[in-house]
Amino acid sequence: MIFKRGTSQRRLTLVATFLRWEWLLILLFAAAFIVNALLSPYFLDTRNLFDMTFIFMEKSIIALPMAFIIISGNIDLSVASTLAMSAVLMATRFQAGWNIWLAVLFGLAVGALGGLLNGMMVAKMRLPSLVVTLGTYALYRGIAFVVLGDRAVTGFPSQFLHLGQGYVGDTPVPVPLVIFAVLAILFVLLLHRSTFGRFVYAMGNNEEACRYSGVAVDRIKILLFTLSGLMSALAAIFLTARFNSTRPNIAAGFELEVITAVLLGGVSIFGGEGTMPGVVLALFLIGLVSRGMRLKNIAGEIQTIVIGSLLILAILLPQLLRRLTPRVRA
Numbered sequence: 095m096i097f098k099r100g101t102s103q104r105r106l107t108l109v110a111t112f113l114r115w116e117w118l119l120i121l122l123f124a125a126a127f128i129v130n131a132l133l134s135p136y137f138l139d140t141r142n143l144f145d146m147t148f149i150f151m152e153k154s155i156i157a158l159p160m161a162f163i164i165i166s167g168n169i170d171l172s173v174a175s176t177l178a179m180s181a182v183l184m185a186t187r188f189q190a191g192w193n194i195w196l197a198v199l200f201g202l203a204v205g206a207l208g209g210l211l212n213g214m215m216v217a218k219m220r221l222p223s224l225v226v227t228l229g230t231y232a233l234y235r236g237i238a239f240v241v242l243g244d245r246a247v248t249g250f251p252s253q254f255l256h257l258g259q260g261y262v263g264d265t266p267v268p269v270p271l272v273i274f275a276v277l278a279i280l281f282v283l284l285l286h287r288s289t290f291g292r293f294v295y296a297m298g299n300n301e302e303a304c305r306y307s308g309v310a311v312d313r314i315k316i317l318l319f320t321l322s323g324l325m326s327a328l329a330a331i332f333l334t335a336r337f338n339s340t341r342p343n344i345a346a347g348f349e350l351e352v353i354t355a356v357l358l359g360g361v362s363i364f365g366g367e368g369t370m371p372g373v374v375l376a377l378f379l380i381g382l383v384s385r386g387m388r389l390k391n392i393a394g395e396i397q398t399i400v401i402g403s404l405l406i407l408a409i410l411l412p413q414l415l416r417r418l419t420p421r422v423r424a
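Numbering (the numbering used here), first residue to last: 95 to 424.
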């Protein structure tokens, strides 16, 4: 009887291991990789594989703090607007004669302040993050249009453009990819190997219990939203450098793709669950899918439909897996 129970437990453990969301993402990634290789004979070229990452590094940088925010039971819809506001104010300072690196620091400060404002309203005024960031979604984008109008700023110096277009030495490795890799490692350690990360999970499961347990819930919320604003401003720098241009409508729709990637990575929309490795896998999976659609010259509207469908699946599939494995969860 003991032997049978032990065998059954091992089988359940094995099932639980292979039903982890990350394994499904790996399978989907492999499938997308194979399909892309069949679509184009140039896809497997080393330079092409690395260059492919250029198109989604800015979204990937924003997705890192977004994962923390959603795990904590909140959401930030203003990330793309924060990016636009930071990019426009940075660009106008450069246009006014500022040194480019001083303008970059100014843009980072603007993004951090935008995130701080979100965090203060959510934490101190106890307003729902959905409502707050929906308001600043319009506010920050509006500021960008008021400052720059319908114009564009171009003509940035080559050393700045290297951030968004350059490679590491003589290698085919893009600079944004290296920056993202360093940031991803830091965020993984912060979420999975620190007390701060445990508090973020606990907030997502039961915020009131955290408050009564002495967790500085308000301070953590403010830090998370400020970090989100700062990372959005950092993404603004790379996006501006990649295009050598910025406009008030830059990064329109980024928030949908960022949230899709986070949820597809296994983060629960209800908070309290998810892993950073899953989010990173989902980011590269969406990058592969987008690359495949571009190889087939699929219209942008269809690509938006695909991303929206992925968002719906990212919400539904985890719930389905939980129902299929009740004994494993027990």
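Beta carbons: idealized from backbone N, C-alpha and C, even for Gly.
Asked	Found
Taking the DSSP output, what are the residues bridged to Pro268?	Tyr261
Where do the ends of the alpha helix (DSSP H) carrying Gly236 lie?	223 to 242
For the alpha helix (DSSP H) holding Asp145, just list the boundary residues, first then last.	140 to 145
Out of curiosity, what's the CA-to-CA distance linking Arg141 and Leu379?	18 Å
Per the contact definition of three or more C-beta pairs closer than 8 Å, is the segment 374 to 394 in contact with the segment 186 to 194?	no
DSSP three-state label for Leu411, please.	helix
Tell me whether Val247 sits in a helix, a strand or coil according to DSSP, three-state version.	strand
What are the boundary residues of the alpha helix (DSSP H) that includes Met179?	173 to 189
Exposed or buried, Ser154, counting other C-beta atoms within 10 Å across all chains shown (16 or more means buried)?	buried
Return helix, strand or coil for Ser326, following the three-state DSSP convention.	helix
Hey, quick one: how far does the alpha helix (DSSP H) through Ile353 stretch, first residue to last?	348 to 358
Should Phe364 be labelled buried (16 or more other beta-carbon atoms within 10 Å of its own) or exposed?	exposed
For Ala161, collect the residues of the same chain with a Cβ closer than 8 Å to its Cβ; drop the 5 residues on either side in sequence, then sort them by chain order.	Phe281, Leu285, Val356, Gly359, Val361, Gly368, Met370, Val373
Any idea if Pro135 is buried or exposed, counting beta-carbon neighbours within 10 angstroms, 16 or more meaning buried?	exposed
What number of angstroms, rounded off, separates the C-alpha of Val383 from the C-alpha of Ala278?	21 Å
DSSP on Thr340, reduced to helix/strand/coil?	strand
In whole angstroms, give me the CA-to-CA distance for Ser339 and Gly209.	24 Å
Indicate whether Thr354 and Leu405 have their beta-carbon atoms separated by less than 7 Å.	yes
Between which two residues does the alpha helix (DSSP H) holding Glu302 run?	301 to 306
Taking the CB atoms as reference points, tell me whether Ala327 and Leu202 lie closer together than 7 Å.	yes
Could you tell me which of Met325, Ala174, Ile164 sits nearest to Val294, measuring between CA atoms?	Ile164
Taking C-beta to C-beta, are Ile169 and Ala329 nearer than 7 Å?	no
Going by beta-carbon coordinates alone, are Val173 and Ile331 separated by less than 7 Å?	no
Kindly indicate which three-state DSSP category Arg287 falls into: helix, strand or coil?	coil
The alpha helix (DSSP H) with Pro159 in it runs from where to where?	151 to 165
Using the Cα positions of Asp145 and Val267, report the straight-line distance between them to the nearest angstrom.	8 Å
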